[in-house]
Structure formats: structure tokens, C-alpha cells
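Anchor point for the sequence shown: position 44 equals 301 in my numbering, and the numbering is continuous, going up by one each time.
Cβ coordinates follow ideal geometry from the N, Cα and C atoms, glycine included.
Have a look at the structure below, then the notes.
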Amino acid sequence: MERSHDVLLPGTLEVGRVKDANQHGQSNAVVQSVQFHPNGQLLLTAGLDKALRLFQIDGSTNSKIESIFLKDMPISCAKFTADGKRIIMSGPRTYIHSYDMEAGTVQRIPRVGSRKERKWDSFAVSRSHAAFLGKDGIVALLSATSFEWMGNLKMNGDVRSASFCDDDNYLLTTGSDGDVYKWDLRTRRCVYRVNDEGSLGSGAIAAKGKYVAVGADSGVVNVYNHETLTGETTPKPLKAFLNLTTSIDQLVFNPDAQILAMASKETKDALKLVHLPSMTVFANWPTAKSPLHYVTSMDFSPTGGYFACGNARGRVLLYRLNHYAST
Numbered sequence: 258m259e260r261s262h263d264v265l266l267p268g269t270l271e272v273g274r275v276k277d278a279n280q281h282g283q284s285n286a287v288v289q290s291v292q293f294h295p296n297g298q299l300l301l302t303a304g305l306d307k308a309l310r311l312f313q314i315d316g317s318t319n320s321k322i323e324s325i326f327l328k329d330m331p332i333s334c335a336k337f338t339a340d341g342k343r344i345i346m347s348g349p350r351t352y353i354h355s356y357d358m359e360a361g362t363v364q365r366i367p368r369v370g371s372r373k374e375r376k377w378d379s380f381a382v383s384r385s386h387a388a389f390l391g392k393d394g395i396v397a398l399l400s401a402t403s404f405e406w407m408g409n410l411k412m413n414g415d416v417r418s419a420s421f422c423d424d425d426n427y428l429l430t431t432g433s434d435g436d437v438y439k440w441d442l443r444t445r446r447c448v449y450r451v452n453d454e455g456s457l458g459s460g461a462i463a464a465k466g467k468y469v470a471v472g473a474d475s476g477v478v479n480v481y482n483h484e485t486l487t488g489e490t491t492p493k494p495l496k497a498f499l500n501l502t503t504s505i506d507q508l509v510f511n512p513d514a515q516i517l518a519m520a521s522k523e524t525k526d527a528l529k530l531v532h533l534p535s536m537t538v539f540a541n542w543p544t545a546k547s548p549l550h551y552v553t554s555m556d557f558s559p560t561g562g563y564f565a566c567g568n569a570r571g572r573v574l575l576y577r578l579n580h581y582a583s584t
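Rendered as C-alpha cells:
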């Protein structure tokens with residue numbers, strides 16, 4: 258039964274642990290990336306062991322269906338394209354890779370952007386663009402289908418995180434200067450630049466629907482109404498969450514934007530889930546007994562029924578969120 262549009266109540270989250278997503282193919286290194294395929298049944302994992310693995314997620318067997326080894330590149334970041342036909346992978350190399358899901362082949366893209374970077378640690382993907390985060394505030398824009406370079410964006414300070422808006426003509430970036438930049442990708446111009454309240458540096462940004470979440474080096478997570486980020490004034494967040502105390506490097510909204518997951522890989526078990534309609538943190542999970550370890554990557558399934566959490570031990574823990582349909 259489809260329940261994903263029901264109102265989620267605050268306070269207590271109905272959550273249960275199921276078999277690890279990668280129980281049949283645990284990583285030999287930190288899990289750098291986990292992501293559900295748009296169809297919700299596949300999950301990718303990737304890490305510095307140079308392996309990309311694909312699992313069929315059902316909560317019990319979670320069969321491994323593919324394992325791809327990149328002999329020349331540890332994987333820092335891996336993501337499906339929006340159509341689910343390819344997986345883009347980047348790492349500490351000047352080039353990136355693309356895995357064709359239908360053909361089962363890996364293609365090396367030898368150059369990203371107009372200048373040679375030593376590494377591409379992170380990127381964001383939308384329906385039409387891929388935004389690769391370089392050094393010196395450079396964001397290289399590529400076509401998400403042809404991987405042709407489309408131009409660069411340049412912000413002050415170091416760029417650490419990027420998130421496409423629901424309208425993928427716009428990109429949000431943030432970094433070491435603690436500011437939030439909004440870019441119009443049609444003109445490649447900065448629409449506005451605002452300061453994230455109280456932030457001297459930001460490590461993560463995420464946008465979904467009416468919300469924008471920004472995570473600071475201090476551990477504070479500010480959640481804004483997207484419409485208030487106009488650039489005219491220093492915007493006030495809807496809520497500042499002070500639950501974590503080390504640099505926020507992961508922010509993920511669930512599909513209906515009723516839950517925000519926030520995490521820091523610098524501290525053990527540093528993960529919290531926010532109930533967005535009430536702007537409160539779920540009190541019952543995670544618990545002191547949740548074996549999260551150092552959380553390094555996370556994602557919700559497209560229905561919201563599963564939450565996957567990769568850690569520094571090479572495991573991908575899988576949780577069933579009972580409010581939402583599993584498929």
C-alpha cells in the first residue's frame with residue numbers, strides 16, 4: 258500500500274533495522290558513496306577500495322548483482338545519472354569514469370573542465386548537468402549526458418558542497434567562506450550570495466522543495482525557507498539545529514521533504530534525523546545501541562521506505578522506515 262504522501266508525525270519515528278545492504282559485498286575501505294537508483298530497487302556503494310558494487314534491495318537478501326573494479330582510481334564519489342542509465346565516478350585523479358548500466362561498460366572521461374585538476378572529490382548531478390567541485394572555488398559544469406564541458410563557476414574560498422534546486426537551471430554552492438551562492442546555469446552568473454547565519458565555514462548544502470539546509474564546520478545545521486534566500490539581507494533560518502558538534506559533511510532530504518538526515522563523519526555515531534514540519538529532531542532514533550560507527554554516506558530510497566547508511570568500517574546499514582512504502 259502506498260503511504261508516502263501521508264503526514265509524518267513528530268516525536269517517534271517507526272524505524273527497524275534490516276539486513277545490511279552490502280552484506281554480500283562489504284567494502285574493504287570507507288564507504289564513500291551510497292545511493293539508491295531512481296527505480297528504488299538498486300543501491301550502489303563505492304569507496305577507496307576502487308570497487309563499485311550494485312545490490313538488489315529487498316531488506317532481507319539484498320543480493321549483490323554487480324561489482325566493478327577500477328584498477329586506476331579509488332572512488333571518492335559515485336552517483337547515478339537522473340535517468341538511472343549511468344553511474345558517474347570521481348576520485349583523486351584528473352579524469353572521471355562513467356559506467357553504462359545497460360552495456361555493462363566503463364568509459365574514462367579524460368578531462369573535466371577547462372583546466373587540469375589533480376582530483377575531483379565530489380560532484381552533484383541533475384537531469385541535465387553535472388557539477389564537479391575543484392580547487393580555488395571552481396565548479397566545472399558538464400553535460401550529464403554527453404559529459405561535454407559547459408563552463409565554470411567561480412566562488413570565493415574553497416567550494417565544499419553543491420546541490421541542484423528542483424528547477425535544475427539553478428545550483429547552490431557553499432564552502433570555506435560560510436556563504437551560500439545561487440547560480441543561474443543558463444547564464445552561469447551568481448544570482449545571489451548570502452551568509453549562512455553564524456557560519457565561518459560550511460561543509461554541506463542540500464535543497465528540496467521549499468527547504469534549503471546548510472551544515473557548518475561548527476556542527477550547526479540551519480534550515481531555511483528557499484524563498485527567503487534572496488540576497489537582499491542576511492536571511493534568518495527557520496531553525497538552527499545544534500545537536501551535532503563537529504563539521505557537517507552530509508545532508509540528505511527524504512523524497513517528500515518531511516525528514517532531513519544530517520551527519521558528521523568526524524565523530525562516531527554523529528547522525529540525527531529531523532522532522533521538518535515541526536522542526537524537531539526525532540528523539541527515539543538513533544539510539545545509543547545503533548551500530549552506526551563513523552557515518553560517511555547516506556541516502557533514502559525513492560519511496561522513503563529505506564534509509565541506507567555507509568560507514569568507515571565498510572558496512573552499509575539499512576533501516577526500514579515503516580511510515581513509507583517499501584517499493
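Smallest Cα separation from residue i: which of the options?
{"i": "Phe380", "options": "Phe404, Thr362, Asp357 and Gln364", "result": "Phe404"}
{"i": "Leu533", "options": "Thr524, Ile516, Ala527 and Ala520", "result": "Ile516"}
{"i": "Val416", "options": "Ala569, Tyr581, Ala388 and Gly370", "result": "Ala388"}
{"i": "Asp425", "options": "Leu442, Asp434 and Val437", "result": "Leu442"}
{"i": "Leu301", "options": "Ser317, Met346, Val264 and Val272", "result": "Met346"}
{"i": "Ser320", "options": "Ser535, Leu578, Val287 and His281", "result": "His281"}
{"i": "Asp340", "options": "Asp329, Tyr352, Lys328 and Met358", "result": "Met358"}
{"i": "Leu578", "options": "Ala308, Pro543 and Ala569", "result": "Pro543"}
{"i": "Asn568", "options": "Lys467, Glu271, Asp263 and Ala303", "result": "Ala303"}
{"i": "Leu530", "options": "Asn500, Trp406 and Val573", "result": "Asn500"}
{"i": "Gly460", "options": "Leu311, Ser400 and Leu390", "result": "Leu390"}
{"i": "Gly394", "options": "Asp453, Ile366 and Leu429", "result": "Leu429"}
{"i": "Ser317", "options": "Gln298, Lys328 and Ile325", "result": "Gln298"}
{"i": "Gly199", "options": "Leu399, Ser385 and Ile322", "result": "Summary: the structure shown does not reach residue 199, with the chain confined to residues 258 through 584, and so no result is reported for it."}
{"i": "Phe312", "options": "Arg570, Arg375, Gln283 and Met407", "result": "Gln283"}
{"i": "Glu523", "options": "Leu486, Phe498 and Thr553", "result": "Thr553"}
{"i": "Val469", "options": "His483, His580 and Ala540", "result": "His483"}
{"i": "Arg384", "options": "Thr338, Val363, Arg365 and Cys566", "result": "Thr338"}
{"i": "Cys422", "options": "Ala463, Thr431 and Asp306", "result": "Ala463"}
{"i": "Gln289", "options": "Ser583, Tyr581 and Ala565", "result": "Ala565"}
{"i": "Leu457", "options": "Val291, Asp513, Lys392 and Asp436", "result": "Asp436"}
{"i": "Trp406", "options": "Arg445, Ile322, Met412 and Leu549", "result": "Arg445"}
{"i": "Pro367", "options": "Asp378, Val382 and Arg350", "result": "Arg350"}
{"i": "Lys465", "options": "Tyr427, Asp453, Val448 and Pro492", "result": "Tyr427"}
{"i": "Phe498", "options": "Thr584, Pro492 and Val538", "result": "Val538"}
{"i": "Ser420", "options": "Val477, Lys496 and Tyr438", "result": "Tyr438"}
{"i": "Asp329", "options": "Lys496, Ala360 and Lys307", "result": "Lys307"}
{"i": "Gly408", "options": "Thr584, Thr431, Arg372 and Pro548", "result": "Arg372"}
{"i": "Gly540", "options": "Gly268, Asp263 and Thr431", "result": "A small correction: the amino acid at residue 540 is Ala; Gly does not occupy that position in the sequence shown. With distances taken between Cα atoms, Ala540 lies closest to Gly268."}
{"i": "Thr487", "options": "Val451, Lys496 and Asp513", "result": "Val451"}
{"i": "Val573", "options": "Asp378, Leu410, Val382 and Ile314", "result": "Ile314"}
{"i": "Glu374", "options": "Lys546, Leu266, Val291 and Val396", "result": "Val396"}
{"i": "Gly361", "options": "Val264, Asp378, Ser324 and Trp377", "result": "Ser324"}
{"i": "Asp585", "options": "Trp440, Thr491 and Asp263", "result": "Outside the displayed range of the chain (258 to 584) lies residue 585, so it cannot be described from this structure."}
{"i": "Pro512", "options": "Val363, Asn296 and Pro331", "result": "Asn296"}
{"i": "Ala520", "options": "Ala545, Ser547, Val478 and Met536", "result": "Val478"}
Can you name the residues that DSSP bridges to residue i?
{"i": "Asn479", "result": "Val471 and Ala497"}
{"i": "Glu413", "result": "Note on residue identity: the sequence assigns Asn, not Glu, to residue 413. None, per the DSSP bridge assignment."}
{"i": "Asp441", "result": "Tyr427 and Arg446"}
{"i": "His386", "result": "Ser400"}
{"i": "His532", "result": "Ile516 and Thr537"}
{"i": "Gly567", "result": "Ser554 and Val573"}
{"i": "Asp436", "result": "Asn452"}
{"i": "Leu301", "result": "Gln292 and Leu311"}
{"i": "Ala419", "result": "Thr430"}
{"i": "Lys525", "result": "According to DSSP, which records beta bridges pairwise, Lys525 is partnered with nothing at all."}
{"i": "Lys321", "result": "Phe312"}
{"i": "Ile462", "result": "Val471"}
{"i": "Arg395", "result": "The identity of residue 395 in the sequence shown is Ile, whereas the question assumes Arg. Note: Ile395 sits in a beta bridge opposite Lys411."}
{"i": "Trp406", "result": "Leu399"}
{"i": "Ala545", "result": "Paired residue(s): none; Ala545 is not in a bridge."}
{"i": "Ala381", "result": "Ala388"}
{"i": "Leu578", "result": "Val272"}
{"i": "Leu508", "result": "Met519"}
Hey, residue i and residue j are a contact pair by Cβ (cut 8 angstroms); roughly how many whole angstroms apart?
{"i": "Tyr563", "j": "Tyr551", "result": "In fact, because the Cβ distance is near 21 angstroms, the residues do not count as touching under 8 angstroms."}
{"i": "Ser333", "j": "Arg343", "result": "At roughly 17 angstroms, the Cβ-Cβ gap does not stay under 8 angstroms, so Ser333 and Arg343 are not in contact."}
{"i": "Phe557", "j": "Val480", "result": "Contact flag wrong, Cβ pair sits at about 17 angstroms."}
{"i": "Pro559", "j": "Phe293", "result": "6 angstroms"}
{"i": "Gly571", "j": "Ala286", "result": "6 angstroms"}
{"i": "Asp434", "j": "Gly414", "result": "4 angstroms"}
{"i": "Ala582", "j": "Met555", "result": "Actually they do not touch by this definition, with Cβ atoms about 20 angstroms apart."}
With 8 angstroms set as the bound, which would you pick, yes or no: does the beta-carbon of residue i sit closer than that to a beta-carbon of chain E?
{"i": "Val531", "result": "Considering every chain present, this structure includes no chain E. It has just one protein chain."}
Do three or more CB pairs link the region 496-505 to the region 457-477 at distances below 8 angstroms?
Per the Cβ contact rule, the region 496-505 is in contact with the region 457-477 (3 or more Cβ pairs under 8 angstroms).
Output the residue ranges of the beta strand (DSSP E) runs that lie fully inside the region 260-297 and measure 3 residues or longer, sorted by chain position.
For the region 260-297, the continuous beta strand (DSSP E) assignments of 3+ residues that do not extend past its boundaries occur at 272-275 and 288-293, in sequence order.
Which parts of the region 329-379 are runs of the beta strand (DSSP E), unbroken and 3 residues or longer, counting only runs that do not cross its ends?
As for any beta strand (DSSP E) of minimum length 3 sitting wholly inside the region 329-379, the runs are 334-337, 343-347, 353-357 and 362-366, ordered along the chain.
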